[in-house]
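Q:
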Amino acid sequence: MRVYLSFTFCQQNSMADDVSLDEEGIRKWMEKSLDMAHDALFNGEVPVGCLMVYKDEVIGKGRNCVNETRNATRHAEMVAIDEVIGWCEKSNQVKEAVFSKTVLYVTVEPCIMCAGALRLLHVPLVVYGCSNERFGGCGSVLNVHKDDIDNHGKPFKCISGIFAEEAIALLKDFYKGQNPNAPNPKIKPEKKPESLKMPKPADISNTQLHNTCTRDSSHTALK
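This is the structure:
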């Protein structure tokens with residue numbers, strides 16, 4: 772039901788004059804994007820996967836490679852964008868013309884960085900699964916996709932919520948484990964309350980000696 776509602780919403784807003792979409796196609800490409808996300812999870816990456824589809828052909832695909840490359844910019848979308856540019860060069864296509872008729876299918880809402888890149892490239896439509904509440908650039912945090920931003924390309928449209936539950940489940944699986952490339956947390960040693968501190972052995976001896984001397988002196992005075 773979510774797919775029907777989202778797709779109808781986009782049609783009413785004349786979302787994609789240069790691209791053709793149907794429910795079956797949306798589901799097919801999103802399922803393949805989920806496969807890419809599974810591959811990311813298997814390789815210890817945040818499970819996000821995507822495809823870039825031009826005239827019903829996949830010309831770019833990507834998954835997160837941040838940990839693998841030690842490069843924080845290697846999000847799935849950026850990897851796919853590089854593949855599209857490579858495809859255009861090999862096919863003698865003008866990349867601006869190709870991107871303007873290419874649809875991005877991605878399992879998680881693009882972050883602010885990726886949304887900005889997509890807008891600069893004039894990608895007209897993004898189909899994504901779950902929201903990105905921490906870094907989303909398509910409505911969750913900022914509205915990079917539709918805000919009036921000077922010298923930053925044309926706004927693009929979005930279809931959201933496609934296979935969102937599956938995308939969320941993958942993220943949960945990742946965060947249940949431990950990222951081996953994350954920095955070790957600095958845990959401060961817990962301070963014991965003053966009342967729980969034990970005196971040093973030397974202190975105990977001195978205290979006992981003082982009490983003993985005091986008791987001996989008292990006995991001597993009484994004699």
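Residue numbers (the numbering used here): 772 to 994. Ideal Cβ positions, reconstructed from N, Cα and C, are used throughout, including at glycine. Since the model is a prediction, treat every value here as computed from it, not as a measurement.
1. Tell me the DSSP secondary structure of Met969 in three-state form.
2. Leaving out the 5 sequence neighbours to the left and right, which residues in its chain are closer than 7 Å to Val894 when beta-carbon positions are compared?
3. Spatial neighbours of Arg890 within its chain, please: C-beta separation below 8 Å, excluding the five flanking residues on both sides.
4. Have a look at Cys901 and Leu941 and give me their C-alpha separation to the nearest angstrom.
5. Have a look at Pro818 and Val865 and give me their C-alpha separation to the nearest angstrom.
6. Put Cys885 into one of helix, strand or coil per three-state DSSP.
7. So what's Gly831 in DSSP terms, helix, strand or just coil?
8. Going by the beta-carbon positions, is the gap between Glu816 and Gly833 smaller than 8 Å?
9. How would you write the range of the beta strand (DSSP E) that Gly820 sits in, first residue to last?
10. Cys909 and Val898: beta carbons closer than 8 Å?
11. Please report the residue range of the alpha helix (DSSP H) in which Gly803 lies.
12. For Gly857, name the three-state secondary structure that DSSP assigns.
13. Excluding five sequence neighbours on each side, which residues of the same chain lie with their C-beta closer than 7 Å to the C-beta of Cys836?
14. What do you reckon, are the CB atoms on Leu913 and Ile933 nearer than 8 Å?
15. On the three-state DSSP scale, how would you describe Leu892?
A: A quick look at the data gives this:
1. Here residue 969 corresponds to residue number 198 of the sequence shown, with the count starting at 1. With a pLDDT of only 49 at Met969, under the threshold of 50, the placement of this residue in the model should not be trusted; the figure read from the coordinates follows. Reduced to three states, the DSSP call for Met969 is coil.
2. Mapped onto the sequence shown, residue 894 falls at position 123. Taken in chain order, the residues that qualify are Phe870, Thr873, Leu875 and Phe927.
3. Within the sequence shown, residue 890 is the residue found at index 119, counting from 1. The answer, listed in chain order, is Val915, His916, Ile920, His923, Gly924, Lys925, Pro926 and Phe927.
4. As a working note, residue 901 is residue 130 in the sequence shown. As a working note, residue 941 is residue 170 in the sequence shown. Taking the straight line joining both Cα atoms gives about 11 Å.
5. In the sequence shown, counting from the first residue as 1, residue 818 sits at position 47. In the sequence shown, counting from the first residue as 1, residue 865 sits at position 94. Their Cα atoms are separated by approximately 31 Å.
6. The sequence position of residue 885 within the sequence shown is 114, counting from 1. Residue state, collapsed to three classes: helix.
7. Within the sequence shown, numbered from 1, the residue matching residue 831 stands at position 60. Reduced to three states, the DSSP call for Gly831 is strand.
8. Translated into positions along the sequence shown, residue 816 becomes position 45. Translated into positions along the sequence shown, residue 833 becomes position 62. Cβ atoms of Glu816 and Gly833: not closer than 8 Å.
9. Position 49 of the sequence shown, counting from 1, holds the residue named residue 820. Start and end: Gly820 to Tyr825.
10. In the sequence shown, residue 909 corresponds to position 138, counting from 1. In the sequence shown, residue 898 corresponds to position 127, counting from 1. No; because the gap between Cβ atoms is not below 8 Å, this pair is not in contact.
11. Counted from its first residue, the sequence shown places residue 803 at position 32. The sequence as given places Lys at residue 803; Gly does not occur at that position. Run containing Lys803: Glu794 to Phe813, per the alpha helix (DSSP H) assignment.
12. For the purposes of this step, residue 857 is taken as residue 86 along the sequence shown, with counting starting at 1. The answer is helix: DSSP assigns Gly857 an H, G or I state.
13. By one-based count along the sequence shown, residue 836 stands at place 65. Correct list, in chain order: Glu816, Arg845 and Val850.
14. Looking up residue 913 in the sequence shown gives position 142. Looking up residue 933 in the sequence shown gives position 162. No; because the gap between Cβ atoms is not below 8 Å, this pair is not in contact.
15. Translated into the one-based positions of the sequence shown, residue 892 becomes position 121. Looking at Leu892 - three-state DSSP - the assignment turns out to be coil, as it is neither helix nor strand.
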